[in-house]
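Asker: My structure is below; once you've seen it, I'll send some questions.
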Amino acid sequence: MMKSLFLFDMTFWLYLAAFVLYVVYVFVRRTGSQLVAAGHPGGESFEDGGWASQIGQVATIITIFGWMVNTAALVARAMERMANSGTFAPWSNQFEAMAYVSWAIILGYVLLELRYRIKTIGAFVVGLGFIAMGAASLLPYRYQTADPLVPALNSYWIYIHVSVTLTSYAAFAMAGGLGVMYLFRERAERGGAASGLAAALPDLETIDELGYKAIMVGFPLLAFGIILGAMWANYAWGGYWSWDPKETWSLIVWLIYGAYIHARMNRGWEGRRAALYAIFGFLMVIFCFWGVNFLLSGLHAYA
Amino acid sequence: MNGKQEAALEQTPAKQSAPGLGWNDVKGELVECFASLKLAMFLFFALAVTATIGTVIQQGEQADVYIKEYGEATYRWFVRLGFTDVYHTWWFTSLLGLLCVNSLTCFSQRFPAIWRSTRQDKVSVTLPFIKGLKQSAEIAVSGATKETVAEGLIQALAEKGYRVRAHKDAGVMTVYGTKGIMGRVGAHVAHLSATVIVLGGLIGSLYGFQEFGVWIEGQTYHIPRGNFDLRIDKFWIDYYENGAVKSYNSTLTVIDGGKEAVQKTITVNDPLVYKGIWFYQSSYGDSWDQVEMARLSIKDKDTDKVLTTVDLPWKQEAILDTLGLKITMTDFVADFGFNSTEKTVFSKTVEHANPAVKLTVLERQRLEATPWIFYHLPGLYDIPGSKYRFELIGYQPKKFTGLQITRDPGVTIVWIGSTLIVVGITLSSLIYHRRIWAKVLPADSGVTVVVGGTTHKSQLDFHKEFTKLLGRIQTFKS
Ligand code: HEM
């Protein structure tokens, strides 16, 4: 067994642990917040007393550690690839791509936590990183190995085109996770002001805004990724655009998010609607990433 | 987002239109419709949905493929609706065209105002306007003069990278700061470049071409579109250690005006470009009408003993003195077929399903024969009166390389548009447009600062920045 597979495995367990801790964190805060006097507008403006803050800290540390192991796994995989085929991109098959996406999701999450200091998002977003890593390890073993690339993929374009596109998927995953979070909080609010869950999560406006930001990160990245793919195709297939299902689907996803950013400008497309739309958009991303490979045929079918 | 305030700020005075339904009204309506975000959203969705059709139904296949899968009646509907070639139907291209018209109209309607505001802004606003902004506050600063507070504000905003302007009238200081207009310029760059990309695509489809050719090693071909010749020097395959294919390679030489102009080894990801024509490695295979060499075994007809084996090069005579034989391989087919009306032999497919060579045999200067010898059917053909039987026991196929030849004069335009669209969207994603107004009013024991701000998005970050600014204002004591 390759060294990288062991590290990928370890990443999976660390993300699982972090995810569980974040969920516990939300619940501890929830009971804690019921003791705090009502009327705090800012979601996490009150101090986490005792347990909650410690659990939160541990969750963050484990997440960061998991991300470092994830990084090490990708580096180890890159070296294994280098050794047996002379190319290093550690995102050259479905398994590696999933591992890379979870890496990007967690990186995005850690940056978000450091900047906005909102830990409860971890319960939703680190969960996605964990699911991505888990789904990857469910793939049959033959998909997990570092087989050499088929000729069409054996190109330096794979480094940049694939990583950029996958990073945009991670941003959309983040937006989807925040969308789910929004619905949770909204539901809790409807349950009455006394509900602790509502107070444990940041306020709706913040979640909404962060979700939008995530999409505004994903949108240009996906555009860039699609264009890099077109440039690659221009070198490999004799035309920059051939309406192959994969490239068409990435365009569809891009159009879906394009509709979203313009819809937001018209007002009304904030809040609940935006949250639902972000979840829908993310489902389309999943289809583009998995569904197309397994359900539709085309030039990208070997990916 | 506070769209209403934004709209109020950007409103250009409404043009007075004459009563009645004149051309100007119709034009105004049309422009409004084409500039509307509603149409934009409709188009984004419509394109997304219609593009899906082409990923579910295979595109550009032969009729029988569809009939087998969907049935005759459905197929007829597919053809009527263009579902077998969605991306070239009039309705799909019209949607794309409309998106261009839509974004261009949007650009021409909105961009001028944004451009103007990069140079001149509305500094003097009313007090209620500031108070009505989403972020606003009123702060009393005691023991300070208007001038020092205004100075402090100007400095605080300038430090944050704001472009600041101040205005003084009737004893009131107004300070205005703006930042991040490039974010909105970026959005409009994206709007323009979408059309540039579509235009490049259009030019490519009108003036470009795409062909596929099968080329045999060692031959030279004329490329009429470029008026030069192309020689196929070599084709080969590289393998990984585990036997998987690593790359397909062809060495090509361009001969222009009788001189060797360029030589290049192309692989799947690395085409040859000459005079705007691109040659891509796209497939390969074994030739179906010639071979490099064939191996015969020659048997004694009576004893069935192998007398010798001989390697025949393509179309070259081999002389076997000991047996009194002269043999030439004159023809090859990969999948033997016989046209009984024309009495000709041909290869039914390009597969090597039933390979056969044709020989010309001269035995002891007397007996001449031209038999077809089959790889899978030894002994099928018997030369009457001959001592020998010929069997084809192997051959070395001649490789062909499948090249795609393309010219696309629109491709540069597509790359320019692509670069601009990425730059534009990235700018609009990273930078957001903010404006802050502050009025410094005299008060009993110092001044009162009424400050308000608006942002085109990113409320959260703006709120942070605004709160910091408020904290700073409180320190302005002289
Ligand atoms: C064709 C592809 C298009 C792309 C790539 C595109 C891209 C963008 C981007 C990235 C933004 C900035 C969004 C933000 O800051 O949140 C934007 C804003 C906008 N778009 Fe588009 N857009 C497209 C088509 C259209 C069309 C057809 C319309 C027609 C009405 C339109 C109208 C607008 C308007 C009004 C804004 C706001 C501009 C401002 O801030 O002043 N867009 N667009």
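Line by line, the protein sequences give chains E and P. Going by the numbering used here, the first residue of the first sequence is number 1, and it counts up by one from there. Going by the numbering used here, the first residue of the second sequence is number 1, and it counts up by one from there. We treat Cβ as the ideally placed atom computed from N, Cα and C, and that holds for glycine.
1. Quick test of your reading: Y395 (chain P) and V291 (chain P), contact by CB under 8 Å. State the CB separation rounded to the nearest angstrom.
2. Does P245 (chain E) have its Cβ less than 7 Å from a Cβ in chain P?
3. Tell me N339 (chain P)'s beta-bridge partners as DSSP assigns them.
4. I want to check one thing, is the minimum distance from the CB of S103 (chain P) to the heavy atoms of the ligand HEM below 6 Å?
5. Any beta-carbon of chain P closer than 7 Å to the one on T145 (chain E)?
6. Nearest-angstrom Cα distance between G218 (chain E) and W91 (chain E)?
7. For chain P, check one thing: does any of its Cβ atoms lie closer than 7 Å to the Cβ of A76 (chain E)?
8. Taking the alpha-carbon of A307 (chain E) as reference, which of E:G56, E:K3 and E:R29 has the nearest alpha-carbon?
9. Any chance the CB of M265 (chain E) is under 6 Å from a heavy atom of the ligand HEM?
10. For the region 427-439 of chain P and the region 183-200 of chain P, state whether three or more C-beta atom pairs, one from each stretch, are separated by less than 8 Å.
11. Per DSSP, H167 (chain P) is paired with what?
12. The beta strand (DSSP E) spanning P397 (chain P) covers which residue range?
13. Y239 (chain P) by DSSP, collapsed to three states: which one?
14. Taking just the CA atoms, how far does V451 (chain P) sit from V141 (chain P)?
15. Give the DSSP-derived three-state secondary structure of D244 (chain E) in the structure shown.
16. Would you say the beta carbon of C106 (chain P) comes nearer than 6 Å to a heavy atom of the ligand HEM?
17. Grouping DSSP H, G and I as helix and E and B as strand, with all else coil, what is K480 (chain P)?
18. If you draw a straight line from the C-alpha of A137 (chain P) to the C-alpha of D121 (chain P), how long is it?
19. Using only CA atoms, which one of P:D286, P:N269 and P:A244 lies nearest to F235 (chain P)?
20. Going by DSSP, which residues form a beta bridge with D229 (chain P)?
21. Need the endpoints of the alpha helix (DSSP H) that K131 (chain P) sits in, please.
22. Quick one: Cα of K146 (chain P) to Cα of P442 (chain P), how far?
23. Regarding L37 (chain P) and the ligand HEM, is the C-beta to nearest heavy atom distance less than 6 Å?
24. With hydrogens ignored, establish whether the beta-carbon of R185 (chain E) is closer than 6 Å to any heavy atom of the ligand HEM.
25. Name the DSSP bridge partner or partners of P442 (chain P)?
26. Where Y70 (chain P) and T195 (chain P) are concerned, what is the direct C-alpha to C-alpha distance, given to the nearest angstrom?
27. Could you give the DSSP three-state label for V291 (chain P): helix, strand or coil?
28. Check whether chain E comes within 7 Å of E249 (chain P), counting only Cβ atoms and requiring the distance to be less than that.
29. How about P41 (chain E): is its C-beta nearer than 7 Å to some C-beta of chain P?
30. Give the residues from the region 248-263 of chain E that approach chain P closer than 8 Å (Cβ to any Cβ), ordered along the chain.
31. Could you work out which residue in E:G229, E:A175 and E:W243 is closest to K213 (chain E) when comparing CA atoms only?
32. Along the chain, where does the beta strand (DSSP E) containing G56 (chain E) start, and where does it finish?
33. When the Cα atoms are used, what is the spatial distance from S53 (chain E) to W13 (chain E)?
34. Output the distance between the C-alpha atoms of V345 (chain P) and D335 (chain P), rounded to the nearest integer angstrom.
35. Could you tell me the alpha carbon to alpha carbon distance between H191 (chain P) and G200 (chain P), rounded to whole angstroms?
36. Hey, would you say F228 (chain P) sits closer than 7 Å to V268 (chain P), going by beta carbons?
Answerer: Per the coordinate set shown:
1. Here residue 395 (chain P) refers to the residue found at position 395 of the second sequence. Here residue 291 (chain P) refers to the residue found at position 291 of the second sequence. The beta-carbon distance between Y395 (chain P) and V291 (chain P), rounded to whole angstroms, is 5 Å. This is short enough to meet the 8 Å contact definition.
2. By 1-based counting over the first sequence, the position of residue 245 (chain E) is 245. Flagged as an interface residue toward chain P: P245 (chain E), by a C-beta distance shorter than 7 Å.
3. Here residue 339 (chain P) is taken as the residue at index 339 of the second sequence, counted from 1. For N339 (chain P), which the question treats as bridged, DSSP gives the partners P:T344.
4. Translated into positions along the second sequence, residue 103 (chain P) becomes position 103. At least one heavy atom of the ligand HEM sits closer than 6 Å to the Cβ of S103 (chain P).
5. As a working mapping, residue 145 (chain E) is identified with position 145 in the first sequence. Not one chain P Cβ lies under 7 Å of T145 (chain E).
6. Position 218 of the first sequence, counting from 1, holds the residue named residue 218 (chain E). Position 91 of the first sequence, counting from 1, holds the residue named residue 91 (chain E). The C-alpha of G218 (chain E) lies about 18 Å from the C-alpha of W91 (chain E).
7. Numbered from its first residue, the first sequence carries residue 76 (chain E) at position 76. Residue-level contact check: A76 (chain E) does not touch chain P, since none of the beta carbons of chain P fall below 7 Å from its beta carbon.
8. There is no way to answer for residue 307 (chain E), as the model of chain E reaches only from 1 to 303.
9. By 1-based counting over the first sequence, the position of residue 265 (chain E) is 265. Yes - the ligand HEM has a heavy atom lying nearer than 6 Å to the Cβ of M265 (chain E).
10. Yes: the two stretches touch, three or more of their Cβ pairs being nearer than 8 Å.
11. Taking the first residue of the second sequence as position 1, residue 167 (chain P) is located at position 167. DSSP output for H167 (chain P) lists P:T174 as bridge partner(s).
12. Residue numbering aside, residue 397 (chain P) sits at position 397 when the second sequence is read from its first letter. Element bounds for P397 (chain P): Y388 to R407.
13. The residue labelled residue 239 (chain P) in the question sits at position 239 within the second sequence. Under the three-state reduction of DSSP, Y239 (chain P) is assigned to strand.
14. Along the second sequence, one-based indexing puts residue 141 (chain P) at 141. Along the second sequence, one-based indexing puts residue 451 (chain P) at 451. Cα to Cα, V141 (chain P) sits roughly 13 Å from V451 (chain P).
15. As a first step, residue 244 (chain E) must be located in the first sequence, where it is residue number 244. Note: D244 (chain E) maps to coil in three-state DSSP.
16. For this step, residue 106 (chain P) is matched to residue 106 along the second sequence. Between the ligand HEM and C106 (chain P), a heavy atom-to-CB distance of less than 6 Å is present.
17. Here chain P has residues from 1 to 478 only, and residue 480 (chain P) is not among them.
18. Position 137 of the second sequence holds residue 137 (chain P). Position 121 of the second sequence holds residue 121 (chain P). Rounded to whole angstroms, A137 (chain P) to D121 (chain P) spans 22 Å at the Cα level.
19. Within the second sequence, numbered from 1, the residue matching residue 235 (chain P) stands at position 235. Among P:D286, P:N269 and P:A244, the Cα nearest to that of F235 (chain P) is on P:D286.
20. Locating residue 229 (chain P) in the second sequence gives position 229, where the first residue counts as 1. DSSP lists P:H222 and P:I255 as the beta-bridge partner residues of D229 (chain P).
21. Position 131 of the second sequence, counting from 1, holds the residue named residue 131 (chain P). Start and end: L127 to G132.
22. Residue mapping note: residue 146 (chain P) aligns to position 146 of the second sequence, counting from 1. Residue mapping note: residue 442 (chain P) aligns to position 442 of the second sequence, counting from 1. Answer to the nearest angstrom: the Cα atoms are 7 Å apart.
23. On the second sequence, residue 37 (chain P) is found 37 positions in, with the first residue counted as 1. For the ligand HEM, at least one heavy atom lies less than 6 Å from the Cβ of L37 (chain P).
24. As a working note, residue 185 (chain E) is residue 185 in the first sequence. No; taking the cut-off as 6 Å, the Cβ of R185 (chain E) has no heavy atom of the ligand HEM nearer than that.
25. Taking the second sequence and counting its residues from 1, the one referred to as residue 442 (chain P) is at position 442. The secondary-structure analysis by DSSP pairs P442 (chain P) across a beta bridge with P:V447.
26. Sequence index remark: in the second sequence, residue 70 (chain P) carries index 70 (1-based). Sequence index remark: in the second sequence, residue 195 (chain P) carries index 195 (1-based). Those two C-alpha atoms are separated by around 37 Å.
27. Along the second sequence, read from residue 1 onward, the residue named residue 291 (chain P) stands at position 291. Strand at V291 (chain P).
28. For the purposes of this step, residue 249 (chain P) is identified with residue 249 of the second sequence, where counting begins at 1. The sequence given here has Asn at residue 249 (chain P), not Glu. Not one chain E Cβ lies under 7 Å of N249 (chain P).
29. Position 41 of the first sequence, counted from the start, is the residue given in the question as residue 41 (chain E). Below a pLDDT of 50, predicted positions are generally treated as unreliable, and P41 (chain E), at 42, falls in that range; no measurement from the model is reported.
30. The region 248-263 of chain E vs chain P, Cβ under 8 Å: T248, W249, L251, I252, L255, I256, G258, A259, H262 and A263.
31. For this step, residue 213 (chain E) is matched to residue 213 along the first sequence. Distance from the Cα of K213 (chain E) is smallest, within the candidate group E:G229, E:A175 and E:W243, for E:A175.
32. Looking up residue 56 (chain E) in the first sequence gives position 56. Element bounds for G56 (chain E): not the beta strand (DSSP E) but the alpha helix (DSSP H), W51 to S85.
33. On the first sequence, residue 53 (chain E) is found 53 positions in, with the first residue counted as 1. On the first sequence, residue 13 (chain E) is found 13 positions in, with the first residue counted as 1. In this structure, the CA atom of S53 (chain E) is about 22 Å from the CA atom of W13 (chain E).
34. One-based indexing of the second sequence puts residue 345 (chain P) at position 345. One-based indexing of the second sequence puts residue 335 (chain P) at position 335. Cα to Cα, the separation comes out at about 10 Å.
35. Along the second sequence, read from residue 1 onward, the residue named residue 191 (chain P) stands at position 191. Along the second sequence, read from residue 1 onward, the residue named residue 200 (chain P) stands at position 200. The alpha-carbon atoms of H191 (chain P) and G200 (chain P) are separated by roughly 15 Å.
36. The sequence position of residue 228 (chain P) within the second sequence is 228, counting from 1. The sequence position of residue 268 (chain P) within the second sequence is 268, counting from 1. Cβ distance not < 7 Å, so F228 (chain P) and V268 (chain P) don't count as in contact.
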